[in-house]
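In what follows, a structure is listed as C-alpha cells, so that the remarks can point back to it.
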Amino acid sequence: MEHAGSAVTARDRAPGTVPAAAELKDAAAAAAGDTRAFERLYRAHVARIHSLARRMLGADLAGEVTQDVFVRAWQKLGTFRGEAAFGTWLHRLAVNVVLAERARLGTRRGRFAEGEGVMDALAARPAATDAGLDFDAAIERLPEGARQVFVLHDVEGYRHEEIASLLGVTSGTTKAQLHRARMLLRRHLGS
Amino acid sequence: MTGHWTERLSEYLDGELPALERASLEAHLAGCAGCARTLEELRVVAARAARLQVRPPGDDLWPGIAERLEPRAARTLDLGAARARRWSFTLPQLAAAGLLLMLLSGGAVWLALTRRPAPAPAGISTAPRLASAPETSRTADTAVSAAAALPAAYDAARYDAAIAELEGVLREHRGELDPATVRAIEENLRIIDRATGQARRALAADPASPYLNGHLAEQLKLKVALLRQAAALVGARG
Ligand SMILES: [Zn+2]
Numbered sequence: 001m002e003h004a005g006s007a008v009t010a011r012d013r014a015p016g017t018v019p020a021a022a023e024l025k026d027a028a029a030a031a032a033g034d035t036r037a038f039e040r041l042y043r044a045h046v047a048r049i050h051s052l053a054r055r056m057l058g059a060d061l062a063g064e065v066t067q068d069v070f071v072r073a074w075q076k077l078g079t080f081r082g083e084a085a086f087g088t089w090l091h092r093l094a095v096n097v098v099l100a101e102r103a104r105l106g107t108r109r110g111r112f113a114e115g116e117g118v119m120d121a122l123a124a125r126p127a128a129t130d131a132g133l134d135f136d137a138a139i140e141r142l143p144e145g146a147r148q149v150f151v152l153h154d155v156e157g158y159r160h161e162e163i164a165s166l167l168g169v170t171s172g173t174t175k176a177q178l179h180r181a182r183m184l185l186r187r188h189l190g191s
Numbered sequence: 192m193t194g195h196w197t198e199r200l201s202e203y204l205d206g207e208l209p210a211l212e213r214a215s216l217e218a219h220l221a222g223c224a225g226c227a228r229t230l231e232e233l234r235v236v237a238a239r240a241a242r243l244q245v246r247p248p249g250d251d252l253w254p255g256i257a258e259r260l261e262p263r264a265a266r267t268l269d270l271g272a273a274r275a276r277r278w279s280f281t282l283p284q285l286a287a288a289g290l291l292l293m294l295l296s297g298g299a300v301w302l303a304l305t306r307r308p309a310p311a312p313a314g315i316s317t318a319p320r321l322a323s324a325p326e327t328s329r330t331a332d333t334a335v336s337a338a339a340a341l342p343a344a345y346d347a348a349r350y351d352a353a354i355a356e357l358e359g360v361l362r363e364h365r366g367e368l369d370p371a372t373v374r375a376i377e378e379n380l381r382i383i384d385r386a387t388g389q390a391r392r393a394l395a396a397d398p399a400s401p402y403l404n405g406h407l408a409e410q411l412k413l414k415v416a417l418l419r420q421a422a423a424l425v426g427a428r429g
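Rendered as C-alpha cells:
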C-alpha cells in the first residue's frame with residue numbers, strides 16, 4: 001500500500017489487497033527484532049493511523065495514541081498471520097486501541113462522555129459561520145457515539161456489523177448513530 | 192416531509208432497507224421535496240467523508256515510539272544434545288520463519304479464492320529455511336520472491352501417502368522435540384490444513400480450475416516440506 005502521496009483517503013486500507021512483498025518482509029523482520037524495518041512500516045502507515053486517532057479522539061490525544069498503537073503493534077507482531085495486508089491488521093489494532101482509550105476517557109468523564117449538545121449548539125449558529133467550519137473539525141465536534149460510528153463507517157469504510165461488534169452495540173444502534181451524524185454534518189459542507 | 196421517513200434515509204442511501212420499505216420510501220420521495228433534498232444532502236456528506244484524506248502528524252512521533260520498543264529477546268532455543276547444535280535457532284528466527292509460512296499460506300488462500308493473477312506461493316523451497324534458520328531477511332527474501340511454477344495437475348494420493356508417513360514419524364518422536372518447536376510446527380500445519388480445506392471446498396464448486404488445482408498442490412507440497420523438516424529435526428537428534 002502506498003501512503004506517501006497526498007491523495008490517500010482513509011479507505012485505501014482496501015481489505016484483501018495482495019500484501020506487498022516489501023511489507024511482508026518488513027513485518028517478518030520487525031517480528032524478529034529489526035527496528036529499522038519497523039520504522040519503515042511506521043512511515044508508511046502513520047498518516048492513516050494518526051488521522052483515525054485524530055478523528056476519533058481529537059487532535060490533543062492523537063499523537064500519544066498513535067504512539068501507543070505502534071508500540072502495541074511491535075509487541076503483537078508475533079500474532080500477525082498475514083491473512084490480511086499488514087495495513088489492515090494494523091488498522092484493526094489501532095481501532096481497538098482508540099476505542100479502549102475512548103472507553104477510558106468516557107469512564108473518567110462520566111456523564112459528560114456523550115458530549116451531547118455541543119453539536120446542537122453549533123447547529124444553532126448562523127449558516128455563514130458554519131460554512132466556514134472545516135469538515136474535519138465538524139466531525140470532531142459530533143456527539144461521541146455518532147462520531148465513532150460516522151468515522152468508522154463513512155470515513156474508514158467499516159460495515160455496520162463490524163462496528164456493532166467493535167462497540168458492543170446492535171447494528172440498529174449504529175445505523176441510528178450514523179444517520180444522526182450525517183444529519184448534523186449536512187450544514188458543514190461549505191456550501 | 193415526515194419524521195418517519197426522514198429517519199430511514201441513511202439506510203436507504205446505504206442500500207440497507209428491505210425491499211418493501213424501499214418501495215414505500217421511493218413512493219414517498221416522489222412526492223416529498225423535503226425528503227428528496229435531505230437525501231441528497233446525506234449523499235453529499237457520505238461522499239465527502241469517503242474522500243477525506245489522511246494527514247501525517249505535525250510532529251515526528253517516531254523517536255517517542257523507538258524509545259519504547261522493547262528489544263526482542265534473542266534467547267537461543269537449544270533443541271538439546273550437542274550434536275543437534277546446527278538445529279538451534281533463536282526464538283525470533285523461529286518466529287520469523289513461522290510467520291513467513293503463515294504469510295505464504297494465508298496469502299495463497301486469498302489469491303486462490305479471488306483468482307487475482309499474482310505470484311504463486313513459494314512451495315517446497317521455503318520449508319528448508321525453517322530448519323537451517325539463516326538470517327531472517329534472507330529467509331523472507333527467498334520465499335517472497337520465489338514464484339514456483341504451478342503444476343497442471345497433482346497426484347493427491349502420492350501427497351496423501353507421504354503426509355501420512357511423515358505424520359507417523361512426527362507422532363512417534365514428538366516427545367523428543369522442544370515444545371516450542373512442536374508448537375511452531377503444529378501451528379503451521381493447522382494453517383496449511385485450513386488452506387487445503389478451503390482449496391478443496393472451492394474445487395468442489397469449480398473442479399476444472401487449473402489455478403485451484405495448482406494451489407491445492409502447492410499447499411500439499413508445503414505440508415510435505417514442513418513435515419520433512421520436522422522429521423529431519425527428529426533425525427538430527429537421533
Ligand atoms: Zn418527506
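So the protein sequences, as listed, match chains A and B. Just so we're aligned: the first sequence equals residues 1 to 191 in our numbering. Just so we're aligned: the second sequence equals residues 192 to 429 in our numbering. Heads up, the beta-carbon is just placed ideally off N, CA and C, and yes, glycines get one too. None of these values were measured; they are calculated from a predicted model.
Asked: For Ala146(A), I'd like the list of residues in its chain whose CB is within less than 6 Å of its CB, leaving aside the five on either flank, ordered along the chain.; Found: Gln177, Arg180, Ala181
Asked: Considering only residues of the same chain and omitting the five flanking positions on each side of Asp68(A), which have a CB-CB separation below 6 Å?; Found: Val97
Asked: Might you give, ordered along the chain, the residues of its own chain that have their beta carbon closer than 7 Å to the beta carbon of Ala73(A), omitting 5 neighbours on each side?; Found: Leu90, Leu93
Asked: Can you confirm whether Gln389(B), when its beta carbon is compared against all beta carbons of chain A, has any partner nearer than 7 Å?; Found: no
Asked: Can you tell me which of the three DSSP states Thr249(A) falls into?; Found: The requested residue 249(A) is not part of the displayed model; chain A covers only 1 to 191.
Asked: Looking only at DSSP bridge pairs, what is Gln244(B) linked to?; Found: Thr9(A)
Asked: To be precise: take each residue of the segment 245-258 of chain B, compare its Cβ to all Cβ atoms of chain A, and keep it if any distance is under 7 Å. Which residues remain?; Found: Val245, Arg246, Pro247, Pro248, Asp250, Leu252, Trp253, Gly255, Ile256, Ala257
Asked: Buried or exposed: His195(B), going by 16 or more other Cβ atoms within 10 Å of its Cβ?; Found: exposed
Asked: DSSP state of Val360(B), grouped into three classes?; Found: helix
Asked: Could you please tell me which residues of the segment 170-182 of chain A, in chain order, have their CB closer than 7 Å to any CB of chain B?; Found: Lys175, Leu178, His179, Arg182
Asked: Return the CA-CA distance between Ala37(A) and Thr197(B), expressed in angstroms with no decimal places.; Found: 51 Å
Asked: Please confirm whether Glu202(B) has its beta-carbon closer than 7 Å to some beta-carbon of chain A.; Found: yes
Asked: Glu140(A) and Gly58(A): beta carbons closer than 7 Å?; Found: yes
Asked: Terminal residues of the continuous alpha helix (DSSP H) containing Asp68(A)?; Found: 59-76
Asked: Taking Cβ-Cβ distances below 8 Å as the criterion, which residues of the segment 93-105 of chain A are in contact with chain B?; Found: none
Asked: Of all the CB atoms in chain B, is at least one closer than 7 Å to the CB of Asp60(A)?; Found: no
Asked: Just to confirm, is the Cβ distance from Leu260(B) to Thr66(A) under 7 Å?; Found: no
Asked: When the distance is taken between beta carbons, is Leu77(A) closer than 7 Å to Ala21(A)?; Found: no
Asked: What residues in the segment 79-93 of chain A have a beta carbon less than 9 Å from any beta carbon of chain B?; Found: Phe80, Arg81, Gly82, Glu83, Ala84
Asked: When the Cβ atoms of the segment 238-257 of chain B are set against those of the segment 211-228 of chain B, are three or more pairs found closer than 8 Å?; Found: no
Asked: Tell me, to the nearest whole angstrom, how far the beta carbon of Ala10(A) is from that of Val155(A); I am working on the premise that it is less than 8 Å.; Found: 5 Å
Asked: Is Thr170(A) helix, strand or coil by DSSP?; Found: coil
Asked: Note the first and the last residue of the continuous alpha helix (DSSP H) segment covering Pro254(B).; Found: 253-257
Asked: For the segment 129-161 of chain A, which segments carrying the alpha helix (DSSP H) assignment without a break, of at least 4 residues, lie completely within its bounds, in sequence order?; Found: 135-140, 144-150
Asked: Does chain B have any CB closer than 7 Å to the CB of Arg186(A)?; Found: yes
Asked: Taking Cβ positions only, does His45(A) come closer than 7 Å to chain B?; Found: no
Asked: Between Ser51(A) and chain B, is there a C-beta pair that is closer than 7 Å?; Found: yes
Asked: Shorter than 6 Å, the distance from the beta carbon of Gly82(A) to the closest heavy atom of ligand 2, or not?; Found: Judged by which ligands are present, ligand 2 is missing from the structure shown, whose ligands are ligand 1.
Asked: Measure the Cβ-Cβ separation of Ala62(A) and Pro247(B) and say whether it is below 7 Å.; Found: no
Asked: Look up Pro209(B) in the DSSP assignment and say whether it is helix, strand or coil.; Found: coil
Asked: Start and end of the alpha helix (DSSP H) containing Leu204(B)?; Found: 200-204
Asked: I'd like to know if Tyr158(A) contacts chain B, where contact means its C-beta is closer than 7 Å to some C-beta of that chain.; Found: no
Asked: One question on the structure: do Arg55(A) and Val149(A) come within less than 7 Å of each other, judged by their Cβ atoms?; Found: no
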